[in-house]
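**Student:**
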């Protein structure tokens with residue numbers, strides 16, 4: 067042994083360590099957890115991975131996760147096709163759908179621009195977004211990328227790219243979270259909240 | 067869709083969420099990561115899980131992870147059989163082996179006592195430890211459970227159980243980490259370090 071795990075355990079730790087947000091210590095912890103649980107439980111996880119990979123693909127139009135060629139939202143005739151909400155990931159669609167505030171369609175970029183991680187515009191589904199504007203008659207594009215560095219850079223890049231085409235480009239508002247406390251807000255958020263102030267009517 | 071994921075994605079998120087230290091947000095993040103990576107990568111992880119489950123079991127003597135009935139340490143004739151280091155998990159063996167300071171054998175409890183999680187002494191491999199003392203001629207048991215609440219409670223329980231049997235029971239030292247800074251040490255650690263002070267020779 068001499069300070070090493072038996073091969074199948076080490077392979078498992080290595081594979082788990084490749085997952086986002088899983089460091090070497092967490093990978094070890096999860097691996098030993100899997101070795102301890104009943105085989106059915108571990109098999110269920112392994113099957114869930116291969117099953118999702120086999121059955122789930124990306125919507126051909128908006129790159130949302132989908133079991134068919136088009137996702138349920140793109141297939142829904144009741145949606146307003148003139149408005150498209152641009153998000154980084156499919157999970158953002160779920161979050162926005164829960165608000166019930168948006169009845170248009172989506173476009174998933176599958177990431178955000180990040181020079182540090184070597185992700186430029188060509189790695190994102192931006193070309194595919196441009197190609198949708200004309201045939202779908204899109205009039206407004208709402209940039210719903212995250213309000214962090216990567217998301218802001220991506221939104222700025224898209225705004226500069228899309229505005230000359232002549233459509234309305236909007237950005238989701240930044241500000242104080244509802245139910246939050248002014249006192250505990252960080253300066254950047256508070257600054258944004260002030261900057262984005264609206265007249266009360 | 068309406069605020070929900072397609073079934074295979076939701077199943078994957080649920081299964082990932084069962085892993086220790088993985089909250090709902092991390093589970094989502096990992097699930098979408100797996101949907102994005104090449105199928106080979108996801109399959110490699112799924113296979114690593116089933117393969118480790120199929121090939122790895124616990125050593126019949128010390129409950130270390132092992133591919134055979136006995137782990138490499140228990141199979142090693144050069145080890146000192148009179149000393150046994152009691153640890154919570156197999157990963158602790160790897161850590162101790164790396165120090166090169168211990169040439170005895172191990173005993174893995176497969177956990178620590180935790181009233182909050184409903185883990186009592188009967189859920190741990192304590193009966194199996196007692197059963198080893200006589201046939202293996204164990205003279206010293208070194209309690210190497212973690213220096214946290216669960217580990218301390220377990221060590222105390224074991225000390226009270228083992229001392230009347232007439233063998234030497236020791237506890238791994240707590241104190242300041244080597245290379246650490248007195249100023250940044252928490253009070254508990256500093257208190258322990260003072261309590262465990264040794265004469266300089």
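Protein chains in written order, with this note's numbering: chain P, 67 to 267; chain S, 67 to 267. Note that beta-carbon positions come from the ideal geometry of N, C-alpha and C, so glycine has one too. Because the structure is a prediction, the values reported are computed rather than measured.
What do you get for residue 70 of chain S, buried or exposed, if any count of 16 or more other CB atoms within 10 angstroms of its CB means buried?
**Tutor:** Reading the second chain from its first residue, position 4 is the one you call residue 70 of chain S. The residue in question, residue 70 of chain S, is exposed, as its Cβ has fewer than 16 Cβ neighbours within 10 Å.
**Student:** Throw me the rounded Cβ distance for the residue 86 of chain P and residue 96 of chain S pair, which I believe falls under 8 angstroms.
**Tutor:** Taking the first chain and counting its residues from 1, one reaches residue 86 of chain P at position 20. Taking the second chain and counting its residues from 1, one reaches residue 96 of chain S at position 30. About 6 angstroms separates the two Cβ atoms, so the contact holds.
**Student:** Going along chain P in order, which residues have a C-beta closer than 9 angstroms to the C-beta of residue 189 of chain S?
**Tutor:** Looking up residue 189 of chain S in the second chain gives position 123. Those do not exist, as residue 189 of chain S stays about 11 angstroms from chain P at its closest Cβ, beyond 9 angstroms.
**Student:** Does the Cβ-Cβ distance between residue 133 of chain S and residue 217 of chain S come in under 8 angstroms?
**Tutor:** Counting from one through the second chain, the residue named residue 133 of chain S turns up at place 67. Counting from one through the second chain, the residue named residue 217 of chain S turns up at place 151. Result no, Cβ atoms of residue 133 of chain S and residue 217 of chain S do not sit closer than 8 angstroms.
**Student:** Compare the Cα-Cα distances from residue 243 of chain S to each of S/251, S/236, S/237 and report the closest residue.
**Tutor:** By one-based count along the second chain, residue 243 of chain S stands at place 177. For the residues S/251, S/236, S/237, the minimum Cα distance to residue 243 of chain S belongs to S/251.
**Student:** Which of the three DSSP states, helix, strand or coil, is assigned to residue 67 of chain P?
**Tutor:** As a first step, residue 67 of chain P must be located in the first chain, where it is residue number 1. Note that residue 67 of chain P has pLDDT 40, beneath the 50 cutoff, so the model's placement of it is unreliable and the number below is only indicative. Here residue 67 of chain P sits in coil by DSSP.
**Student:** Count the other C-beta atoms from every protein chain shown that fall within 10 angstroms of the C-beta of residue 68 of chain S, then say buried if there are 16 or more, exposed otherwise.
**Tutor:** Taking the second chain and counting its residues from 1, the one referred to as residue 68 of chain S is at position 2. Since pLDDT at residue 68 of chain S reaches only 42, below the 50 mark, its modelled position is unreliable, and the value read off the structure follows with that caveat. Here residue 68 of chain S is exposed: its Cβ has fewer than 16 other Cβ atoms, across all protein chains shown, within 10 Å.
**Student:** Leaving out five residues on either side along the sequence, give the residues of the same chain with a beta carbon under 8 angstroms from the beta carbon of residue 147 of chain S.
**Tutor:** Position 81 of the second chain, counting from 1, holds the residue named residue 147 of chain S. A distance below 8 angstroms between beta-carbons, with the five flanking residues on each side excluded, links residue 147 of chain S to the following residues of its chain, in chain order: 170, 171, 202, 203, 204.
**Student:** Roughly how many whole angstroms lie between the Cα atoms of residue 167 of chain S and residue 73 of chain S?
**Tutor:** Stepping through the second chain from its first residue, residue 167 of chain S is reached at position 101. Stepping through the second chain from its first residue, residue 73 of chain S is reached at position 7. Looking at the two C-alpha atoms, the distance is approximately 52 angstroms.
**Student:** Give the residues of chain P in contact with residue 270 of chain S, contact being defined as C-beta atoms less than 7 angstroms apart.
**Tutor:** Missing from the structure shown is residue 270 of chain S; chain S here goes from 67 to 267 and no further.
**Student:** Got a sec: which bits of the stretch 233 to 262 of chain P sit with their beta carbon under 9 angstroms from any beta carbon on chain S, in order along the chain?
**Tutor:** none
**Student:** Let's see if you can read the secondary structure: which residues bound the beta strand (DSSP E) around residue 170 of chain P?
**Tutor:** On the first chain, residue 170 of chain P is found 104 positions in, with the first residue counted as 1. Segment 170 to 174, the beta strand (DSSP E) holding residue 170 of chain P.
**Student:** Starting from the C-beta of residue 229 of chain P, find all residues in its chain whose C-beta is less than 8 angstroms away, skip the five residues before and the five after it, and write them out in chain order.
**Tutor:** In the first chain, the residue the question calls residue 229 of chain P occupies position 163. Same-chain partners within the cutoff: 235.
**Student:** Is residue 75 of chain S buried or exposed, if buried means 16 or more other CB atoms sit within 10 Å of its CB?
**Tutor:** The residue given as residue 75 of chain S occupies position 9 in the second chain. Burial call: buried.
**Student:** Residue 153 of chain P touches chain S at which residues, Cβ-Cβ below 7 angstroms?
**Tutor:** On the first chain, position 87 is the one that residue 153 of chain P refers to. Simply none; closest approach about 12 angstroms.
**Student:** Buried or exposed: which applies to residue 266 of chain S, given that a residue is buried once 16 or more other Cβ atoms fall within 10 Å of its Cβ?
**Tutor:** As a working note, residue 266 of chain S is residue 200 in the second chain. With fewer than 16 Cβ atoms within 10 Å of its Cβ, residue 266 of chain S is classed as exposed.
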